Amino acid sequence: QVQLVESGGGLVKPGGSLRLSCAASGFTFSDYYMTWIRQVPGKGLEWVSHITTSSSFTDYADSVKGRFTISRDNAKNSLYLQMNSLRAEDSAVYYCAREARSAVVYYDYWGQGALVTVSS
Amino acid sequence: EIVLAQSPGTLSLSPGDGATLSCRASQIVSSSSLAWYQQKPGQAPRLLIYGASSRATGIPDRFSGSGSGTDFTLTISRLEPEDFAVYYCQQYGRSPRSTFGQGTLLDIK
Numbered sequence: 001q002v003q004l005v006e007s008g009g010g011l012v013k014p015g016g017s018l019r020l021s022c023a024a025s026g027f028t029f030s031d032y033y034m035t036w037i038r039q040v041p042g043k044g045l046e047w048v049s050h051i052t053t054s055s056s057f058t059d060y061a062d063s064v065k066g067r068f069t070i071s072r073d074n075a076k077n078s079l080y081l082q083m084n085s086l087r088a089e090d091s092a093v094y095y096c097a098r099e100a101r102s103a104v105v106y107y108d109y110w111g112q113g114a115l116v117t118v119s120s
Numbered sequence: 121e122i123v124l125a126q127s128p129g130t131l132s133l134s135p136g137d138g139a140t141l142s143c144r145a146s147q148i149v150s151s152s153s154l155a156w157y158q159q160k161p162g163q164a165p166r167l168l169i170y171g172a173s174s175r176a177t178g179i180p181d182r183f184s185g186s187g188s189g190t191d192f193t194l195t196i197s198r199l200e201p202e203d204f205a206v207y208y209c210q211q212y213g214r215s216p217r218s219t220f221g222q223g224t225l226l227d228i229k
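Line order of the protein sequences matches chains X and B. Residue 2 in the numbering used here sits at position 2 of the first sequence, and the numbers go up by one each step. Heads up, the numbering used here is the position in the second sequence plus 120, with the first residue counted as 1.
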């Protein structure tokens, strides 16, 4: 069955860095676009970043552009999010999600989330 | 950027009732680009509906989606105890790639 497992969350000081990982299994990872979505606890969902199958194209929300970098390693079935210059407002649960293979974008599988807390 | 406004913010109903949740877009969106998700406390969102009206794999037929243009609806007939959760609509756009509504909390009356 499809599984997405995030890791790497934790407490970091403002201005610091953190790298999230998402281990995928149960499907051919290299065939799917992948996405990071975040959620402040008790609040709504915010799309963060997206990457195509071969990493040829990436995209970012304006709120993280220039600070976050999405990447993937298809040989390791893994998705990553490098987060630099972290701010308090980046504190959230970060979900990796698989984009369904469709002409339009929706997310058919989600990981359980990794909590990132940015605080001094 | 297309903004999705969900209403009501909270809907209080009883098991066995029917529920109607609304998602209104600030501009016309393609029906094929509208999806609905369910999120329970401490869990990740789960895909319910895509393409405005197609149920995802394993979703019971008491869940149905409809709408077009700027107005979309998620209908849940005969609420079961496990249906009480937060529901989000989501649409696919160019920039940003995806936006979500603020959510509707469906809670037990």
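Think of the CB as a built atom: it goes at the ideal place given N, C-alpha and C, for glycine as much as any other residue. In this text, all values refer to a predicted model and were calculated from it rather than measured experimentally.
Compare the C-alpha of residue i against each of the options and name the closest.
i	options	result
residue 213 of chain B	B:146, B:131 and B:126	B:146
residue 164 of chain B	B:125, B:205, B:198 and B:217	B:205
residue 171 of chain B	X:48, X:61, X:101 and X:20	X:101
residue 152 of chain B	B:199, B:130, B:211 and B:166	B:211
residue 42 of chain X	B:218, B:217, B:144 and B:207	B:207
residue 2 of chain X	X:105, X:22, X:64 and X:58	X:22
residue 178 of chain B	B:166, B:121 and B:143	B:166
residue 215 of chain B	X:38, X:98, X:54 and X:47	X:47
residue 78 of chain X	X:35, X:104, X:11 and X:61	X:35
residue 176 of chain B	X:7, X:108 and X:114	X:108
residue 75 of chain X	X:62, X:89, X:96 and X:53	X:53
residue 225 of chain B	B:141, B:155, B:150 and B:121	B:141
residue 122 of chain B	B:148, B:137 and B:136	B:148
residue 223 of chain B	B:203, B:139, B:158 and B:187	B:158
Counting along the chain, where does the beta strand (DSSP E) carrying residue i start and finish?
i	result
residue 211 of chain B	206-212
residue 220 of chain B	218-220
residue 51 of chain X	45-51
residue 12 of chain X	10-12
residue 39 of chain X	34-39
residue 6 of chain X	3-7
residue 114 of chain X	114-118
residue 155 of chain B	154-159
residue 19 of chain X	18-25
residue 198 of chain B	Where residue 198 of chain B is concerned, there is no enclosing beta strand (DSSP E), given that its DSSP letter is neither H nor E.
residue 123 of chain B	Per DSSP, residue 123 of chain B belongs to no beta strand (DSSP E) and is neither H nor E.
residue 226 of chain B	224-228
residue 108 of chain X	107-110
Give the secondary structure of residue i by DSSP, where H, G and I count as helix, E and B as strand, and everything else as coil.
i	result
residue 181 of chain B	coil
residue 134 of chain B	coil
residue 57 of chain X	coil
residue 99 of chain X	strand
residue 62 of chain X	coil
residue 75 of chain X	helix
residue 164 of chain B	coil
residue 68 of chain X	strand
residue 91 of chain B	Here chain B covers residues 121 to 229 and nothing more, so residue 91 of chain B does not appear.
residue 30 of chain X	helix
residue 186 of chain B	strand
residue 145 of chain B	strand
residue 126 of chain X	Nothing can be reported for residue 126 of chain X, as the shown portion of chain X is limited to 1 through 120.
Beta-carbon separation of residue i and residue j under 7 Å?
i	j	result
residue 182 of chain B	residue 196 of chain B	yes
residue 199 of chain B	residue 185 of chain B	no
residue 19 of chain X	residue 82 of chain X	yes
residue 229 of chain B	residue 131 of chain B	no
residue 72 of chain X	residue 51 of chain X	yes
residue 190 of chain B	residue 144 of chain B	yes
residue 116 of chain X	residue 94 of chain X	yes
residue 91 of chain X	residue 14 of chain X	no
residue 26 of chain X	residue 114 of chain X	no
residue 221 of chain B	residue 124 of chain B	yes
residue 86 of chain X	residue 5 of chain X	no
Cβ-based contacts, 7 Å cut-off: residues of the segment 174-206 of chain B near chain X: 176
Where the segment 208-225 of chain B meets chain X: residues whose CB sits under 9 Å from a CB there: 208, 210, 211, 212, 213, 215, 216, 217, 218, 219, 220, 221, 222 and 223
Members of the segment 106-118 of chain X near chain B, C-beta cut-off 9 Å: 106, 107, 108, 109, 110, 111, 112 and 113
The segment 42-67 of chain X: positions lying closer than 8 Å to chain B by Cβ: 44, 45, 46, 47, 50, 59, 61 and 62
Positions along the segment 79-95 of chain X whose CB lies within less than 7 Å of some CB in chain B: 95
Chain-ordered residues of the segment 152-165 of chain B with a beta carbon less than 7 Å from chain X: 152, 153, 155, 164 and 165
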